[in-house]
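Working notes for the structure below.
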Amino acid sequence: AMTADEQQFIIQDITQMLARHWHDVDRNWGRNAHLDYTQDGSYATSLRKRTGIEAIKAFYADRQDRGERVARHLVNNLHVPVRDANTATAIWILSLFAADGVPVLPSKPAIMIADVVDELVRESDGAWKYRSRTITPLFRDDTPTTG
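Going by my numbering, the first residue of the sequence shown is number 6, and it counts up by one from there.
In structure tokens:
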């Protein structure tokens, strides 16, 4: 059985990974986002599912090739059930603010609010990776997402 401290360290690792991941997506075009997934990891957005880190890498490259865009992915109500020392789930709410163009853009409500479920595994080197991420939209406006 895991101690409370061991569980807290895992939750802290996963929380920091989640923040770093979206920082890269929002401020670095997601150039490193694919590295947070297992080799066969899947990323199911509101529009389609991509499987494998090469497909996820291509998604972020295509996103950048579209042109200027500002996005901020806000993580809310994070809950991290830890199953054991090497598997956990992150359940959270995504508030997505995004628009094409160069800042400063008009301020509007979130273009999408979604439930997100991340299944994570710890690899042999100790790094946590996403085995899968599933985004399920609950609310959205007519602003296109890049997913």
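In this text, a Cβ means the ideal position worked out from N, Cα and C, and glycines have one as well.
Does DSSP put residue i in a helix, in a strand, or in coil?
{"i": "residue 29", "result": "helix"}
{"i": "residue 118", "result": "strand"}
{"i": "residue 132", "result": "coil"}
{"i": "residue 110", "result": "coil"}
{"i": "residue 50", "result": "coil"}
{"i": "residue 127", "result": "strand"}
{"i": "residue 70", "result": "helix"}
{"i": "residue 148", "result": "coil"}
{"i": "residue 43", "result": "strand"}
{"i": "residue 6", "result": "coil"}
{"i": "residue 60", "result": "helix"}
{"i": "residue 90", "result": "coil"}
Going by the DSSP bridge assignment, what does residue i pair with across the sheet?
{"i": "residue 98", "result": "81, 120"}
{"i": "residue 103", "result": "76"}
Excluding the five sequence neighbours on either side, which residues of its own chain have a C-beta within less than 6 Å of the C-beta of residue i, listed in chain order?
{"i": "residue 22", "result": "133"}
I'd like the list of long-range same chain contacts for residue i, defined as Cβ closer than 7 Å, with 5 residues on each side in sequence excluded.
{"i": "residue 31", "result": "76, 77, 78"}
Next on the checklist: Closer than 8 Å is the cut-off here; do at least three beta carbon pairs connect the segment 115 to 135 with the segment 91 to 101?
Outcome noted: Three or more pairs of CB atoms, one per stretch, sit closer than 8 Å, so the segment 115 to 135 contacts the segment 91 to 101.
Next on the checklist: With a threshold of 8 Å, are at least 3 pairs of Cβ atoms found where one atom belongs to the segment 128 to 147 and the other to the segment 36 to 55?
Outcome noted: Touching, per the Cβ criterion.
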